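Peer 1: Below is a structure I'd like to ask you about.
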Amino acid sequence: MANALRVSGLTKTYKDFVLDHVSFTVPSGSIVGLIGENGAGKSTTINAALGLIQKEDGTVTILEKEELDEDVKEQIGVVFDGSNYPEILSPRKLNRVMKHIYRTWDEQEWFRLLEQFSLPPDKQIKQFSKGMKMKLAISAAFSHHSRLLVLDEATSGLDPVVRDDILDMLLDFVQDEGHSILVSSHITSDLEKIADYIVFIHGGRVVFERPKDELAEKYGIVKCGAAQFDALDKSDIISYRRMDYEWQVLVSDRERIQERYPKAMVIPATIDEIMLLYVKGEGK
Amino acid sequence: MKGVLVKDLYIARSNILVTIVSLIVLGFGLSFLLETSALLVLAPVASTTAVFISITSDAASKWNKNVIIMPVSRNRIIGEKFVLYILLALLGMLTALIPCLLLALFGADITPGSLCLYGSVGMSATLLAGGISLPCAYLFDPEKSQIVFMMSFMASTGIIAGLVLLINLFFPVKGNILLSFNIVLAISVVWFFASYRIAARVYRKRDIT
């Protein structure tokens, strides 16, 4: 399977933060969720991959091209947090701007999407709600027939109904196997609904890159007391947290652990819990 | 570049209309106090403020981040601002000519020589100020670009005075005043285009977040 995006060894150093040799791929036809706590390096990774900031090291291949030239940019749609369009414009005026920027701008598709999402074409963007602005930005990304969609914290701050609408739009988009999405978010429940792969970044490094189903089906949390925790083989433990009345232990193969320790309580781990145990746990 | 220019013209439209009306009114008002053609000094500078409004707006709406991932090169993004600056300066100049020509028709003492002289001074000040402030708007905080522009306009008047004094070393400015200011204008044009190259180079390596 070809990759829509391949990031390899991406490095960027700031005074107080280092993006340290980040590598991952977005296979064609898939949705990849980039997760991590605030400040983990998700936006820095996206900014460096898209050429917004200068990378120090590493390579980025987008749609099989290493150079992010205008042909490649025609085929990428990017949605940031907020609309990032001049708020004085209306969607109709924005159409006049965009059709002179994108060779592939599809005016009919733009107005169809505006109608589909009930976005008034003659109202200034500044009068739109946050959800409307987000739908407008996604409509813009769809209206030049993007093959790769990149969303950076695009659903944060939106209510569950609008988020659900947007997730539906994204799922529709990847029905075409030539379309792919990289979506960064710290709202992991959204990614649990739509992502095929999860890339977890912590402290500027990729902690893991796994199919979401593998995380859902294999990862687990052992909830146990001190004696049971001491009895666990430490090589089975990814990380652990000592809570008030129990130990929570993250394991990568919960069925095997259940077989080895039949008396232990092993429950499936959500992406949120996996992230929390990696970030706040010990023994990684 | 056309799309980005269209966007800036939408942003600057209300400002441009106010500037045009103000310049025409000012032109007629000025005729009672001093030579109307002196409006040509003020007009191009006043009309270019819309460029800095668009730079501030780009930063505030984060369009400057969005446009980087569109199929427009960084050179063209910068080039568009310089083109807009020149277009607005010329528009200001043409607007200022309206009251001048109308008053000339009604017998005011406005000569082609005075129009050329004041026009030359106005364009020189505008190009020198733009040549300083446009790269600064991208080198430093874009939200302070309007203040930088005002300061650069003051600096440009000093530079013009300096250039005139320098020219005076080679031949007397008093006897060749139009030629002297045309030389200043030519230097300003060169400076403006050199400034574009500097701004483009600075912006090419700049992190946009």
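The listed protein sequences derive, respectively, from chains R and E.
The first sequence: position 41 = 41 (our numbering), numbered continuously.
The second sequence: position 75 = 359 (our numbering), numbered continuously.
Backbone N, C-alpha and C fix where the C-beta goes; we use that ideal spot for every residue, glycine too.
Bear in mind that the values here come from a model prediction, so they are computed numbers and not experimental data.
1) If you measure between the beta carbons of residue 186 of chain R and residue 35 of chain R, is that distance less than 8 Å?
2) Which residues in chain R sit within 9 Å of residue 396 of chain E, going by Cβ to Cβ distance?
3) What residues in the region 68-95 of chain R have a beta carbon less than 7 Å from any beta carbon of chain E?
4) In chain E, which residues lie less than 8 Å from residue 51 of chain R when you measure between Cβ atoms?
5) Counting pairs of beta carbons, one from the region 173-181 of chain R and one from the region 205-213 of chain R, are three or more of them closer than 8 Å?
6) Give me whichever residues DSSP pairs with residue 355 of chain E in a beta bridge.
7) Below 7 Å CB to CB, which residues in the same chain sit around residue 56 of chain R once its five sequence neighbours on both sides are set aside?
8) Closer than 8 Å, CB to CB, is residue 38 of chain R near chain E or not?
9) CA-CA distance, residue 251 of chain R and residue 220 of chain R?
10) By the 10 Å Cβ neighbour count, where 16 or more other Cβ atoms means buried, how is residue 449 of chain E classified, buried or exposed?
11) Taking its Cβ as the centre, do 16 or more other Cβ atoms sit within 10 Å of residue 108 of chain R, making it buried, or is it exposed?
12) Using a cut-off of 9 Å between C-beta atoms, extract the partners of residue 166 of chain R located in chain E.
13) Does the beta-carbon of residue 95 of chain R have 16 or more other beta-carbons within 10 angstroms, so that it is buried, or is it exposed?
14) Is there a Cβ of chain E sitting closer than 8 Å to that of residue 54 of chain R, yes or no?
15) Look at the Cβ atom of residue 402 of chain E, then the Cβ atom of residue 309 of chain E, and state whether they are nearer than 8 Å.
16) Pull out every residue of the region 415-447 of chain E whose Cβ sits closer than 9 Å to any Cβ of chain R, in chain order.
17) Can you tell me the Cα-Cα spacing of residue 117 of chain R and residue 89 of chain R, whole angstroms?
18) Do the CB positions of residue 283 of chain R and residue 245 of chain R come within less than 8 Å of each other?
19) Could you please give me the residues that DSSP links to residue 247 of chain R through a beta bridge?
20) Would you say residue 179 of chain R lies against chain E (beta-carbon separation less than 8 Å)?
21) Would you tell me roughly how many angstroms separate the C-alpha atoms of residue 2 of chain R and residue 237 of chain R, rounded to the nearest one?
22) Just list the residues that DSSP pairs residue 25 of chain R with in beta bridges.
23) Note the first and the last residue of the continuous alpha helix (DSSP H) segment covering residue 416 of chain E.
24) Starting from residue 149 of chain R and walking both ways along the beta strand (DSSP E), at which residues does that stretch end?
25) Closest to residue 204 of chain R by C-alpha separation, out of R:15, R:19, R:39, R:227, would be which residue?
26) Does chain E have any CB closer than 8 Å to the CB of residue 26 of chain R?
27) By how many angstroms is the C-alpha of residue 53 of chain R removed from the C-alpha of residue 396 of chain E?
28) Return the chain-ordered list of same chain residues with a C-beta closer than 8 Å to the C-beta of residue 39 of chain R, the five sequence neighbours on each side being excluded.
29) Alpha carbon to alpha carbon, how far is residue 433 of chain E from residue 316 of chain E?
30) Spatial neighbours of residue 84 of chain R within its chain, please: C-beta separation below 8 Å, excluding the five flanking residues on both sides.
31) Note down the Cα distance separating residue 425 of chain E from residue 160 of chain R, rounded to an integer number of angstroms.
Peer 2: Working from what's here:
1) yes
2) The contacting residues do not exist; residue 396 of chain E stays about 39 Å from chain R at best.
3) 70, 73, 74, 76, 78, 80, 82, 84, 85, 86, 87, 88, 89, 93
4) 352, 353
5) no
6) Residue 355 of chain E pairs with nothing; no bridge assigned.
7) 11, 12, 13
8) No, because no Cβ of chain E sits closer than 8 Å to the Cβ of residue 38 of chain R.
9) 5 Å
10) exposed
11) In the assembly as shown, residue 108 of chain R is an exposed residue. Its beta-carbon has fewer than 16 other beta-carbons within 10 Å.
12) Under the 9 Å cutoff, chain E gives no residues; its nearest Cβ is about 18 Å from residue 166 of chain R.
13) The residue is buried, with at least 16 neighbouring Cβ atoms inside 10 Å.
14) yes
15) The answer is no: Cβ separation not under 8 Å.
16) none
17) Residue 117 of chain R and residue 89 of chain R have their C-alpha atoms spaced approximately 18 Å apart.
18) no
19) R:224, R:242
20) no
21) 34 Å
22) In DSSP, residue 25 of chain R forms a bridge with R:6.
23) 396-423
24) 148-152
25) R:19
26) no
27) 51 Å
28) 17
29) Cα to Cα, residue 433 of chain E sits roughly 30 Å from residue 316 of chain E.
30) 137
31) 36 Å
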